[in-house]
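Numbering (my numbering), first residue to last: 2 to 288.
Below is one structure, written out as structure tokens; the observations come after it.
Here it is as structure tokens:
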């Protein structure tokens, strides 16, 4: 039995065509085609090491694109900054990450990348878009606390930050009473809320979340994943998730692609894939 292919939206938020990417010039992703439409949640599934995280890192600019193209709302993100096979220098990669964040991509990595010594509110405000070139986006590098606080103060003066903060707290009301708490004192579930919330503070066109469930109890995952769908539906943004719990990923997503050896070997609507778990299992293990 095969799953009917779902036609991608004509004007997707994200379009990856023939993407080849990897580390130190060694390809992990080999010719991946992927789209994420407006208001849509798409899940990337597959065993460890098949290229799921590498795909997100490539889209966000943290590792180089070795082949193919990545478009955000029809604009080629690599048109003016294609890196050599070796990955380019650190400065060029850093600038590329900043450019991607400015263009509307927010990436919540699997390690969450929070600043544990800063408060919940300070971490959230770091996600705000800033006009200065010192902006870090949701992938910010570790900085001295004084420099981070300077950027936070700058962000607070722009873009109606209080209104945006209220919107994000609407998705995660549990954080409301913790705004003055250091992020390092939060539980794992609260830290994941904070990491996603920081990404939402940038009001992204594309939100990417890597392994939301990592280290969390299933009941917490069941509470957090629907927030991503609500965000997509209410804002029209695209959401791309990598998730190890296949049934939960299919329950919250519109479409899913199963990766094997760096390629999407099975793609379809999440409803159709959920109805045929044997097919998904066969694709997962390459049977």
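Idealized CB from N, CA, C, for every residue including glycine.
Subject >> Closest Cα partner of residue 39 within the set 211, 238 and 106 >> reply: 238
Original post:
In terms of residues, what are the limits of the beta strand (DSSP E) holding residue 72?
Top reply: 66 to 73
Original post:
Looking only at its own chain, which residues have a Cβ that is under 8 Å from the Cβ of residue 20, when we skip the five neighbours before and after it?
Top reply: 30, 32, 33, 34, 35, 56, 59, 66, 68, 69, 70 and 71
**OP:** Please report the residue range of the beta strand (DSSP E) in which residue 258 lies.
**Re:** 256 to 261
Original post:
Counting Cβ pairs, one atom from each stretch, are 3 or more of them under 8 Å apart for the stretch 39 to 49 and the stretch 91 to 104?
Top reply: no
**OP:** Count the CB pairs spanning the stretch 209 to 220 and the stretch 102 to 117 that are closer than 8 Å, and state whether there are at least three.
**Re:** yes
Original post:
Taking the C-alpha atoms as reference points, what is the distance between residue 227 and residue 97?
Top reply: 31 Å
Subject >> Cα-Cα separation, residue 51 to residue 114 >> reply: 23 Å
Original post:
Of the choices 46, 79 and 163, whose alpha-carbon is the least far from that of residue 22?
Top reply: 79
Original post:
Closest by CA to residue 197, which one among 125, 185, 187 and 263?
Top reply: 125
Original post:
Is the beta carbon of residue 193 sitting closer than 9 Å to the one on residue 221?
Top reply: yes
Original post:
Grouping DSSP H, G and I as helix and E and B as strand, with all else coil, what is residue 51?
Top reply: coil
Subject >> For residue 229 and residue 240, the rounded distance between their alpha carbons >> reply: 7 Å
**OP:** Can you give me the Cβ contacts of residue 284 inside the same chain, cut-off strictly under 8 Å, excluding the 5 residues immediately before and after it?
**Re:** 259, 261, 266 and 267
Original post:
Is the distance from the Cβ of residue 62 to the Cβ of residue 16 below 9 Å?
Top reply: no
**OP:** Identify whether residue 158 lies in helix, strand or coil by the three-state DSSP scheme.
**Re:** Note that residue 158 has pLDDT 46, beneath the 50 cutoff, so the model's placement of it is unreliable and the number below is only indicative. Residue state, collapsed to three classes: coil.
Original post:
Buried or exposed: which applies to residue 255, given that a residue is buried once 16 or more other Cβ atoms fall within 10 Å of its Cβ?
Top reply: buried
Subject >> Nearest-angstrom Cβ-Cβ length linking residue 121 and residue 175, presumed shorter than 8 Å >> reply: So it is not a contact: roughly 10 Å between Cβ atoms.
Subject >> Host alpha helix (DSSP H) of residue 16 (start-end) >> reply: Taken as a continuous stretch (DSSP letters only), residue 16 belongs to no alpha helix (DSSP H), being part of the beta strand (DSSP E) at 15 to 24.
Subject >> Through-space distance from residue 232 to residue 209, alpha-carbon basis >> reply: 12 Å
**OP:** Decide if residue 249 is buried, meaning its Cβ has at least 16 other Cβ atoms within 10 Å, or exposed.
**Re:** buried
Subject >> Close beta carbons around residue 136, own chain, < 6 Å, minus the five adjacent residues each side >> reply: Residue placement at residue 136 is flagged as unreliable, the pLDDT there being 39, under the threshold of 50; the coordinate-derived value follows with that caveat. Cβ neighbours of residue 136 beyond the five flanking positions: none.
Original post:
Hey, residue 207 and residue 75: beta-carbon distance below 9 Å or not?
Top reply: no
Original post:
Exposed or buried, what is residue 186 when buried is set at 16 or more other beta-carbons lying within 10 Å of its beta-carbon?
Top reply: exposed
**OP:** State buried or exposed for residue 46, treating a residue as buried only when at least 16 other CB atoms are found within 10 Å of its CB.
**Re:** buried
Subject >> In DSSP terms, what residue 264 is bridged to >> reply: 261
Subject >> Identity of the residues DSSP links to residue 76 by a beta bridge >> reply: 73
Original post:
Got a sec, what are the start and stop residues for the alpha helix (DSSP H) residue 198 sits in?
Top reply: 189 to 202
Original post:
Looking at the unbroken alpha helix (DSSP H) that takes in residue 279, where does it start and where does it end?
Top reply: 278 to 286
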